[in-house]
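Numbering-wise (our numbering), the sequence shown opens with residue 2 and increments by one.
All C-beta atoms in this analysis are idealised placements derived from N, C-alpha and C, irrespective of residue type, glycine included.
On a predicted model such as this, the values are computed, not experimentally measured, just so you know.
One structure is given here, and the rest of the page talks about it.
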Amino acid sequence: MKQHYLSGLLLGCLLVGGSAQAQLVIDGTNFTNMGTVTNRDAYTLITNASGSAYSASGGAVFQHYETSADAFRVNSAYNANGTGGSTDAFSGPNGTAGTQGVSGSVAPNFSTLLLQNGSTSLFAFTNTAGANVYTAVTFQNALTTTLRNLHQAGALRFQAGATYSGGTTDAQHVDGYVSKIGNTAFTFPIGSATDLRTLALAASTDASNHISAAWFAGSPATVTDPSDNATHSVTSLTGPITGVSTVGFWDYIRVAGSGAVNVTVSIPDVTSFGTAASLRLVGWNGSSWINLSGSTGASGNTENSTLSGTIPAGTTITALAIGKAAAALPDLTVSAEIDNSEFKQAGQANGHGYLVTLYEIKGVATSDVITFIIQRPANWSFDYPANATTINVNGGTTVDNANWTLSASGRFLTVTSKPGVSIPANGSVRIGINFFVPTALAENTTQNVTININAGTGGGETPSSNNLAVTALTFN
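Here it is as structure tokens:
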């Protein structure tokens with residue numbers, strides 16, 4: 002179809018007319034030597050021998066009433082971010098709700114961009130070079146789309162310091178790529194047409210940052226990542242990652258910058274995939290998914306819970322997804338002290354205090370009942386003061402006996418934590434017992450007290466190689 006362009010005279014007339022709406026085509030072959038056309042100082046179309054260009058006056062407002070999504074076509078320089086900035090307001094076809102957009106091959110530079118073409122209407126960026134925003138975008142439309150196959154090249158790019166309002170619901174977001182330039186904190190208002198899936202960057206020290214992102218619903222193993230032109234296997238994992246969710250992924254493109262990046266994403270419902278504590282933000286490094294969250298899980302595993310991670314400096318990550326790690330388990334170890342290991346007289350009144358201390362050394366609190374077993378010497382007996390708060394060791398040491406029960410079977414004393422008792426991460430608890438010799442023994446009789454923490458106790462305690470403590474008792 003032959004394209005019909007407005008003549009300079011007709012364009013001028015349409016722009017001066019208060020209620021007229023015109024299709025504006027900025028193309029280097031069509032406004033050459035036409036001079037300057039103004040619309041009550043709202044904008045200025047400057048042309049020269051090398052081709053047409055648009056440069057807005059400071060504070061100008063350009064009301065766009067184009068009646069088709071490709072009517073505002075930018076094929077030459079369009080600069081609305083001059084001194085003082087200006088506003089481009091897309092107010093719907095002929096001022097009524099409906100689809101509008103920006104087409105063409107040269108990215109327009111907007112200062113303030115108002116997308117107000119209707120709360121249920123689409124705004125489509127089909128310009129193959131995307132669009133730049135320098136001050137702010139107001140989303141008052143429904144979905145905003147970009148050309149996904151062009152990834153960052155066709156993105157809606159927020160320049161350093163640019164912000165937006167609206168655009169943060171399932172019905173109103175950018176279905177496509179958004180880019181952020183600069184080092185201020187920023188949340189990408191991105192999703193997949195039906196679901197908002199934000200990705201937030203924390204402020205950083207790298208002012209050269211240029212990051213582009215989009216959300217893709219579906220498994221990264223079957224949905225092609227446009228920027229890589231490849232899929233990413235969900236079975237290529239680097240420990241401690243044990244799985245990657247197939248619900249979706251974020252394409253993550255580091256166009257410029259090299260410093261560490263702290264990222265927080267808003268996740269879909271993954272209750273069938275993993276617990277909140279097990280979830281990890283994972284990144285595709287070109288060959289496998291790696292853990293970016295350390296040992297920290299998500300705020301929850303339901304929709305809109307948050308999951309954070311850090312992309313280390315110098316690490317190339319091209320996609321982000323929701324992974325899971327084997328649950329972190331506590332590691333318990335034990336020590337024992339006795340007030341005096343030499344028993345010189347028989348009888349309960351001549352008993353000695355025996356202090357058992359359990360330590361958690363892996364930084365993971367216990368989450369279940371804790372059990373350990375004391376094997377007493379054949380010729381020694383014991384007394385367990387169930388509600389004691391101190392035991393006579395080192396002049397008197399506080400203990401937590403009220404939180405534990407003890408049952409005896411022959412020489413084996415089973416000590417069990419009461420419901421709700423936990424050893425905190427990197428914490429400890431103490432239990433006190435008294436040992437005595439019921440009847441006199443041969444001189445220099447020596448026997449051992451052995452303590453063994455049950456393997457897997459406390460919610461999966463591991464390893465068991467440090468679960469043993471032995472104390473020698475002697476009768477003189």
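With 16 as the cutoff for other CB atoms within 10 Å, does residue i come out buried or exposed?
i      : result
Asp196 : buried
Pro109 : buried
Pro331 : buried
Phe373 : buried
Leu293 : buried
Arg412 : exposed
Gly249 : buried
Gln117 : buried
Gly315 : exposed
Leu414 : buried
Ala61  : buried
Val259 : Per the sequence presented here, residue 259 reads as Ser, with Val not at that position. When all chains shown are included, Ser259 counts as exposed.
Pro420 : exposed
Thr399 : exposed
Ser478 : Residue 478 falls outside the range modelled here, since the chain spans only 2 to 477, and no answer is possible.
From this set, the options, which residue's C-alpha is nearest residue i's C-alpha?
i      : options                           : result
Ile254 : Ser112, His211 and Ile339         : His211
Val335 : Leu321, Val438 and Val450         : Val450
Asn82  : Tyr55, Ala98, Ala215 and Glu361   : Tyr55
Thr129 : Leu116, Arg158, Thr139 and Ser112 : Arg158
Gly354 : Ile371, Tyr385, Thr367 and Ser368 : Tyr385
Glu444 : Lys419, Gly99 and Phe344          : Phe344
Thr276 : Val422, Ala299, Trp381 and Ala143 : Ala299
Gln153 : Gly131, Pro425, Val235 and Ala143 : Gly131
Asn95  : Ser382, Glu67, Val107 and Gly119  : Glu67
Ala320 : Pro227, Leu359, Ala326 and Ile375 : Pro227
Asn286 : Ile312, Thr303 and Glu304         : Ile312
Leu144 : Gln160, Asp207 and Phe126         : Phe126
Thr164 : Ala441, Ser408, Val235 and Val179 : Val179
Gly85  : Thr136, Val357, Asp71 and Gly99   : Thr136
Asp401 : Ser410, Ala409 and Ser418         : Ser418
Ile339 : Thr303, Phe383, Ala366 and Ala329 : Phe383
Ser220 : Ala350, Asp369 and Ser234         : Ser234
Thr391 : Val357, Asn351 and Arg149         : Val357
Ser246 : Leu238, Thr225, Phe274 and Thr239 : Phe274
Ala470 : Thr463, Ile452, Phe476 and Gly457 : Ile452
Ser58  : Ser87, Gly183 and Ala172          : Ser87
Leu442 : Gly433, Val138, Gln448 and Phe476 : Phe476
Asp171 : Ala186, Ala322 and Ile191         : Ile191
Any idea what DSSP makes of residue i, helix, strand or coil?
i      : result
Gln22  : Reliability fails at Gln22, whose pLDDT of 35 lies under 50, so the model's placement of it is uncertain and no value is given.
Gln141 : coil
His211 : strand
Thr37  : Because the pLDDT at Thr37 is just 35, under 50, the model does not fix this residue reliably, and the point stays unresolved.
Gln346 : coil
Ser267 : strand
Glu462 : coil
Pro331 : coil
Asn435 : strand
Ser246 : strand
Ser336 : strand
Leu46  : Unreliable placement is indicated for Leu46, whose pLDDT of 41 sits below 50; the coordinate value is still reported in the next sentence. Here Leu46 sits in strand by DSSP.
Ser166 : strand
Val471 : strand
Ser205 : coil
Thr279 : What sits at residue 279 in the sequence shown is Ser, not Thr. Ser279 falls in the helix class under three-state DSSP.
Asn292 : strand
Asn449 : strand
Asn80  : strand
Ala186 : coil
Asn31  : Its pLDDT being 37, under 50, Asn31 is placed unreliably in this model, and the value from its coordinates should be taken loosely. DSSP places Asn31 in coil when its eight states are reduced to three.
Which stretch, first to last residue, makes up the alpha helix (DSSP H) that contains residue i?
i      : result
Thr311 : Note, Thr311: premise wrong, no alpha helix (DSSP H); beta strand (DSSP E) at Thr307 to Ile312.
Gly428 : It is not in any alpha helix (DSSP H) - Gly428 carries neither H nor E in the DSSP assignment.
Residue i lies in the beta strand (DSSP E); which residues open and close that run?
i      : result
Ile182 : Val179 to Ile182
Val370 : From DSSP, Val370 is part of no beta strand (DSSP E); its letter is neither H nor E.
Asp89  : Thr88 to Phe91
His353 : His353 to Glu361
Phe159 : Leu157 to Phe159
Val62  : Val62 to His65
Ala483 : The question about residue 483 has no answer, for the chain in this structure spans 2 to 477.
Does the beta carbon of residue i come closer than 9 Å to any beta carbon on chain D?
i      : result
Asn118 : Judged by its chain identifiers, the structure shown contains no chain D, having just a single protein chain.
Runs of 3 residues minimum, wholly inside the region 97-155: which ones carry the beta strand (DSSP E) assignment?
Runs found: 101-105, 110-116, 124-126 and 132-140.
Please specify which runs of the beta strand (DSSP E), each continuous and at least 3 residues long, are wholly inside the region 376-419, giving them in chain order.
Counting only runs of at least 3 residues, the region 376-419 fully encloses the following beta strand (DSSP E) elements, listed from N- to C-terminal order: 382-384, 405-410 and 413-418.
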